[in-house]
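Engineer: Before I ask anything, let me first share the structure, which is written out below as structure tokens.
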């Protein structure tokens with residue numbers, strides 16, 4: 001970058017120490033940039049999510065030099081009203097990983113790479129032609145990775161109206177041995193329950209629905225799952241939502257929105273981490289070349305398949321007759337269902353994570 005570094009406290013300031021923010025920080029370090037992260041929460045940071053990492057997400061993490069351990073996941077199984085459809089990943093296994101374990105692995109990698117983490121709230125963003133200032137920190141660029149309800153996005157007037165009925169997510173963990181090496185997706189009239197093996201003696205259950213209700217109320221609608229978990233003490237419920245979020249744009253001067261802050265369709269396909277990694281790589285690539293204005297198109301390309309597939313499946317599932325037919329149709333058309341599962345498994349980031357790892361190793365070798 002051409003501007004003298006002494007004018008800034010850091011090259012890139014990242015707001016948010018979740019997976020998207022820490023991935024962006026690691027990519028920035030791999031490009032030789034100084035980077036700092038701002039987040040008031042204490043690591044490791046938890047979140048209500050399905051906790052299933054698709055094979056593409058694992059590949060993206062490996063590309064950043066981040067290794068996570070979890071319960072192997074071989075594929076996905078859909079269940080509803082006696083119908084069952086399942087497909088196994090052809091790209092290799094995914095993994096069920098507790099969100100706190102993922103956060104800890106990313107935090108450790110960031111610390112090892114010299115990323116500064118400031119435990120503070122971001123507050124207002126001010127920027128000029130040369131840089132951005134947040135919480136007294138002056139940076140050339142700001143990456144806002146501060147979640148679904150991004151205060152930075154809102155503060156910059158980038159929130160966009162959301163159409164359609166809102167959906168929420170609820171998650172609990174249960175101390176039972178996984179009964180399958182697949183992620184099970186149970187479908188009821190108004191909700192989906194994702195059962196993810198996250199350890200040899202633990203499963204996570206995440207419920208997604210457009211109908212407000214308690215976790216136990218929703219669980220009762222999945223008879224076979226409710227019977228299997230009857231009497232098993234679950235952890236406290238953690239929630240998230242509304243899930244659908246939109247941004248008018250992802251670039252505002254020297255500020256780029258990444259991860260859920262950039263816009264989110266739904267957790268229906270379980271691609272959140274893979275998409276966050278791809279968006280983080282695209283953002284840093286643009287900043288490293290001093291071309292922030294190119295990020296909008298890069299984000300659109302990196303997330304297109306996720307947005308189209310998720311929006312299409314979500315729209316179909318909102319029509320009652322279609323929703324009832326989804327699992328029977330998937331069972332009757334195994335090749336089609338297998339193709340969809342493979343698409344979910346192999347989210348591509350255009351090779352950016354691999355190149356990031358190569359750059360980091362080159363930097364390490366030069367020290």
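Numbering (full-length UniProt numbering), first residue to last: 1 to 367.
We put the CB at the ideal spot given by N, CA and C, even for glycine.
Would you mind sorting residue 214 into buried or exposed? The rule is 16 or more other CB atoms within 10 Å of its CB.
Structural biologist: With fewer than 16 Cβ atoms within 10 Å of its Cβ, residue 214 is classed as exposed.
Engineer: Any contact between the stretch 157-164 and the stretch 60-76? By contact I mean 3 or more CB pairs, one from each, below 8 Å.
Structural biologist: Segments in contact, no.
Engineer: Among 57, 39, 108, which residue has its Cα nearest to the Cα of residue 143?
Structural biologist: The candidate whose alpha carbon is nearest that of residue 143 is 39.
Engineer: Judging by CA-CA distance, which residue of 274, 273, 302, 271 is the nearest neighbour of residue 286?
Structural biologist: Here the closest residue by C-alpha is 302.
Engineer: So which of 43, 310, 12 has the shortest CA-CA distance to residue 133?
Structural biologist: For residue 133, the nearest C-alpha among the options comes from 12.
Engineer: Excluding five sequence neighbours on each side, which residues of the same chain lie with their C-beta closer than 8 Å to the C-beta of residue 116?
Structural biologist: Closer than 8 Å at Cβ, skipping near neighbours: 10, 35, 36, 37.
Engineer: For residue 49, name the three-state secondary structure that DSSP assigns.
Structural biologist: Note: residue 49 maps to coil in three-state DSSP.
Engineer: So, with DSSP's three-state summary, where would you put residue 35?
Structural biologist: In this structure, residue 35 counts as strand in the three-state DSSP scheme.
Engineer: Nearest to residue 298 by alpha carbon, out of 258, 320, 324?
Structural biologist: Selected option, being the one with the closest Cα: 258.
Engineer: Taking only runs that begin and end inside the stretch 136-166, name each unbroken beta strand (DSSP E) of 3 or more residues, in chain order.
Structural biologist: Runs of the beta strand (DSSP E) inside the stretch 136-166: 137-144.
Engineer: Under 8 Å Cβ to Cβ from residue 20, same chain only, skipping five residues before and after it: list those, please.
Structural biologist: Once the five neighbours on either side are set aside, the close Cβ partners of residue 20 are 145, 258, 259, 260, 261, 276, 277, 279, 280.
Engineer: Within 10 Å of its beta-carbon, does residue 349 have 16 or more other beta-carbons around it, so buried, or fewer, so exposed?
Structural biologist: Residue placement at residue 349 is flagged as unreliable, the pLDDT there being 39, under the threshold of 50; the coordinate-derived value follows with that caveat. Buried, by the Cβ-count rule.
Engineer: When DSSP labels each residue in this structure, what does residue 209 get in the three-state scheme?
Structural biologist: Strand, per DSSP.
Engineer: Would you mind reading off the limits of the alpha helix (DSSP H) that contains residue 275?
Structural biologist: Segment 272-288, the alpha helix (DSSP H) holding residue 275.
Engineer: Leaving aside the five residues before and after residue 23 along the sequence, list all residues of the same chain whose C-beta is less than 6 Å from its C-beta, in chain order.
Structural biologist: Closer than 6 Å at the Cβ level, and outside the excluded window around residue 23, lie 277, 280.
Engineer: I think residue 450 touches residue 313, with their Cβ atoms under 8 Å apart; what is that distance to the nearest whole Å?
Structural biologist: Residue 450 lies beyond the range of the chain shown here (1 to 367); nothing can be said about it.
Engineer: Who are the near neighbours of residue 8 in its chain, counting only those whose CB is closer than 7 Å to its CB and skipping five residues on each side?
Structural biologist: Cβ within range, chain order: 131, 138, 139, 140.
Engineer: Could you check the C-alpha separation between residue 189 and residue 217 for me, to the nearest Å?
Structural biologist: Roughly 13 Å separates the two Cα atoms.
Engineer: Drop a sphere of 10 angstroms on the beta-carbon of residue 81, count the other beta-carbons inside from all chains shown, and report buried for 16 or more, exposed for fewer.
Structural biologist: It is exposed - the Cβ of residue 81 has fewer than 16 other Cβ atoms within 10 Å.
Engineer: Under 6 Å Cβ to Cβ from residue 253, same chain only, skipping five residues before and after it: list those, please.
Structural biologist: Closer than 6 Å at the Cβ level, and outside the excluded window around residue 253, lie 127.
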